[in-house]
Structures are given as structure tokens and as C-alpha cells.
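S.K.: Structure provided below as C-alpha cells; questions to follow.
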């Protein structure tokens, strides 16, 4: 199977290296066509989240790829810098890994229920860019199905569902209680909204900073106040807690800004990738700064849930392999059809039936000989159970 991928994730690379190659949607959209133009590539998909950047490649031929080199060349970075902190997989290992990723079983938060939508978005982006061929498109669809099944059929979601929720738990441990504290959330994307809603549910007074506000279009969690992003330092000064979760390429909070505050937030949670908050902020003795890598062990399900999830993934893997095997057989199926037609045209046994105009007899003989020839070449593989399944399928197709 001519599949390969390379991954740079939280398990193998520190945050400093991950953020240098992290990609927002627009960047991934720009890179996909460049990667697709690489020699031998028939399909490519980029999966970019806060904790991983992964490139998936498929070749219709026998081209051998160094996926890390392909990614690095397209992104304009030095591949050598990532050799010791990346993982490259090929063939069935690619399928198995993507299924586990979509199910949240390779996430920092085991059972993360956001990753399946991120896998789906990666495939959708590749479709829009016309870089997802049939194999990768089907593989990602199967992976999304696997992730959704694991989420609904197991108890993996008994652990925290996102980095935002884990960050709030860390804040609860830090303060003892969040009831009545003032929290400022910088960023109103999916992660920011979840953080704001979770903090509000814990009794915080929450303010969300916005770059702009459009009535009826800007969604802010219920019970949260808003504040202009450009004057965020004013609302941060005197707050107890701040969370930053944006896709901005620039710092949302610098060491100089924090130093100028009379009473900066005691706890700063940076849930962004690349990081939102300048790391020098952590040197200020008045504050504690936590990044994604500081969230630590984010939970694990019980053995029963893990085993059930693994069975689901194996079922979806098998479904993909069956589809892939059938796809690989399509040229042979076409050749068999051509051969059967040639026999119908030139086999002498058909001559008398042609002359008599016995179309029913002609069809019966043609079908009988074709089936005999086909199954005769598959004696070692054919059994009664498989044939019964084929017969059932044929009868469904004929409406019987």
C-alpha cells in the first residue's frame, strides 16, 4: 500500500519545535498545492492541530517518499531540525495511526472529542484544494466514522474533553475555587468559547476580548461580558485569571505589557499553538504561566473502554482494507469482462445459437461458461459461505 505520513506531535517534539511548524487553516491551504505538485504525489492531506502537524501522502505508483522532506520543503523549514523529533509511518501503520488519532487515542487528552472534527476539517480542506485523491479521501472518511463511533459507543469521553476544560481544572487546583473570580479570555474561537463557557459554569465572572463585534453574528457564551481586544490590558489589570487561545501569529500578551500592570492575573493559561503569551512573562514573580505542555497527564479511560475502542478501530480499518482491495482489483475485473466478451464473440460453441437466434440459450451458455472459468481460477479461495454471500448480493440487485 503506497501510503506514508510524517508527524510532529506533543509526544515527540517540545512546544518550541512544534510551534515553528504549526499551521493555521490559511497556511495549510497554501501548502497543499505545493505538496501536491511534488513528483509522484497523487494525493495529500495536512492535519494541523495545537498538538500535532501531520502530512499524509499517497502515490498511485511505486514512488518512494521522504514525507518529512516533502513537508519541510513546502513549509520552508530545515528537515534536519525535525529528524529526531518526528515519526514517519508507511502502509498499514498509517491507517492504524490515523484511526487512533481520530478517536482521540493519540491525543494529550485521551479521548479528546474535538480531534474527530479536526480530522474531518483536514480532509475537507484537501478536497477544496483538490489534493485529496480517492484513497486518502476514503481513508479520512473512515477515520472520521471510527472517531464518531468511539465517541458515542465507549466511555472515553468520561475524561476531560478538551484542553480548555483541562486548563480550567488546573485553574481550580491553583485557586482552590473559581467562584466569584474574574477571568479574562482572549480569543473567541472554538477553544476560547469553550474556555469561557467552562469558567462561567464554575462561577467565574468572565470577560471575552473581541477584535470586533457584529450583532447577530458574533457568538459569545451566555453570561459573559465583552471587551475590545485592542484595550485588553486595561481589563487584564486586576483580573484573577487569563486564558489566551487565538490563532494569531503575534503575541497577545508580552512581558512588557504584564510588567506595566499594577495587578496582573495571578494565573495565565496559554492554550494556543503557536503560543500567544511571550514566555518571558513567566519570569514575573507575580504570575504563574502555564502552556499546553504544562497541562501534564490529562487522564485515561478504564481498560474496558479502551478495549472496546480498539475493536471499533479494527472494524473500521478492515472496512477500509476491503474497499482498498476492491479498488485494486478493478483493472482485473475490467479485464475479466473483456475476456468474457471475447469468448462470447469467438467461441465456436456459440455459433449454432447465433444462427438459430436462440438468445436465451446464448445468454445461458455465456453466463455458465464465464462463471465456470472465473471460479475455476479461484478454487483455493472459494467456499460455500462466500458464494452464498455473493448469491444474496446478486438477488438483492435483481430485486428478488
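In this note's numbering, the protein residues as written are 40 to 439.
Yeah, the Cβ is synthetic: ideal placement off N, Cα and C, and Gly gets one too.
(1) Straight-line CA distance for residue 349 to residue 380?
(2) Would the beta-carbon of residue 84 fall within 8 Å of that of residue 217?
(3) Looking only at its chain, what residues have a beta carbon closer than 8 Å to the beta carbon of residue 68, apart from the 5 residues adjacent to it on each side?
(4) DSSP on residue 199, reduced to helix/strand/coil?
(5) Does the Cβ-Cβ distance between residue 276 and residue 221 come in under 8 Å?
(6) Since I believe residue 158 is in contact with residue 171 (beta carbons under 8 Å), could you give me their beta-carbon distance rounded to a whole number of angstroms?
(7) CB residue 126 to CB residue 42, shorter than 8 Å?
(8) Threshold first: 4 residues or longer. Then list the alpha helix (DSSP H) segments lying entirely within the region 117 to 177, N to C.
(9) What do you get for residue 197, buried or exposed, if any count of 16 or more other CB atoms within 10 angstroms of its CB means buried?
(10) Inspect the CB distances between the region 238 to 246 and the region 294 to 308 and report whether three or more fall short of 8 Å.
(11) Below 8 Å on the Cβ atoms is my contact criterion, and I expect residue 192 with residue 347 to pass it. Report the Cβ-Cβ distance as a whole number of Å.
(12) For residue 264, is the classification buried or exposed, using 16 other Cβ atoms within 10 angstroms of its Cβ as the cut-off for buried?
(13) DSSP puts residue 327 in a beta bridge; with which residues?
(14) Give the straight-line distance between the Cα atoms of residue 148 and residue 202, rounded to the nearest whole angstrom.
(15) When you compare the CB positions of residue 234 and residue 282, do they come within less than 8 Å of one another, or not?
(16) Locate the alpha helix (DSSP H) running through residue 274, then write down its first and last residues.
(17) Under a three-way DSSP split, which group does residue 106 fall into?
(18) For residue 356 and residue 135, I'd like the C-alpha separation in whole angstroms.
(19) Measure how close the beta-carbons of residue 273 and residue 290 come, nearest whole angstrom, since I'm counting them as under 8 Å.
(20) Return the bridge partner residues of residue 281 from the DSSP annotation.
(21) Along the alpha helix (DSSP H) that carries residue 193, what are the first and last residues, could you check?
(22) I need the straight-line Cα distance from residue 378 to residue 70, nearest angstrom please.
(23) Answer with buried or exposed for residue 146, where buried requires no fewer than 16 other C-beta atoms within 10 angstroms of its C-beta.
(24) Between the C-alpha atoms of residue 129 and residue 98, what's the straight-line distance to the nearest angstrom?
(25) Three-state secondary structure (DSSP) at residue 63?
(26) Per DSSP, what kind of secondary structure is residue 417 in: helix, strand or coil?
(27) What's the call for residue 367, buried or exposed, on a 16-neighbour Cβ count within 10 Å?
(28) Please determine, among 79, 94 and 155, the residue with the shortest C-alpha to C-alpha distance to residue 61.
(29) Quick test of the definition: if touching needs 3 or more C-beta pairs under 8 Å, does the region 222 to 229 touch the region 173 to 187?
(30) Please confirm whether residue 182 and residue 144 have their CB atoms less than 8 Å apart.
(31) Classify residue 189: buried if its beta carbon has 16 or more other beta carbons within 10 angstroms, exposed otherwise.
(32) Classify residue 121 as buried or exposed, calling it buried when 16 or more other Cβ atoms lie within 10 Å of its own Cβ.
(33) Taking the DSSP output, what are the residues bridged to residue 14?
(34) Let me confirm a value: residue 105 is counted as buried when at least 16 other C-beta atoms fall within 10 Å, else exposed. Which label applies?
(35) How is residue 249 classed by DSSP in three states: helix, strand or coil?
(36) Could you tell me whether the Cβ atoms of residue 310 and residue 206 are closer together than 8 Å?
M.R.: Reading off the structure:
(1) 46 Å
(2) no
(3) If we look at residue 68 and ignore the five residues flanking it on each side, its Cβ neighbours are 164, 167 and 168.
(4) Its pLDDT being 49, under 50, residue 199 is placed unreliably by the model, and the measurement read from it follows with that caveat. The answer is coil: DSSP assigns residue 199 none of H, G, I, E or B.
(5) no
(6) Incorrect: roughly 12 Å between the Cβ atoms, too far for contact.
(7) no
(8) 131 to 141 and 154 to 167, all fully within the region 117 to 177.
(9) Interpretation of residue 197 is limited by its pLDDT of 49, a score under 50 that renders its predicted location unreliable; the figure taken from the coordinates is listed afterwards. Exposed is the call here.
(10) no
(11) 7 Å
(12) exposed
(13) 306
(14) 7 Å
(15) Yes, the Cβ-Cβ distance between residue 234 and residue 282 is below 8 Å.
(16) Counted as a single uninterrupted DSSP element, the alpha helix (DSSP H) harbouring residue 274 occupies residues 271 to 275.
(17) Annotated three-state conformation of residue 106 is helix, per DSSP.
(18) When rounded, the distance between both Cα atoms is 7 Å.
(19) Not confirmed; about 17 Å, so no contact.
(20) 223 and 307
(21) First-last for residue 193: undefined, no H or E at that position.
(22) 45 Å
(23) buried
(24) 11 Å
(25) coil
(26) In this structure, residue 417 counts as coil in the three-state DSSP scheme.
(27) exposed
(28) 94
(29) no
(30) Going by beta carbons, residue 182 and residue 144 fall outside the 8 Å limit.
(31) buried
(32) Residue environment for residue 121: buried (at least 16 other C-beta atoms within 10 angstroms of its C-beta).
(33) Past the boundaries of the shown model lies residue 14; the chain is included only from 40 to 439, so the question cannot be answered.
(34) Answer is exposed; the Cβ neighbour count stays below 16.
(35) strand
(36) yes
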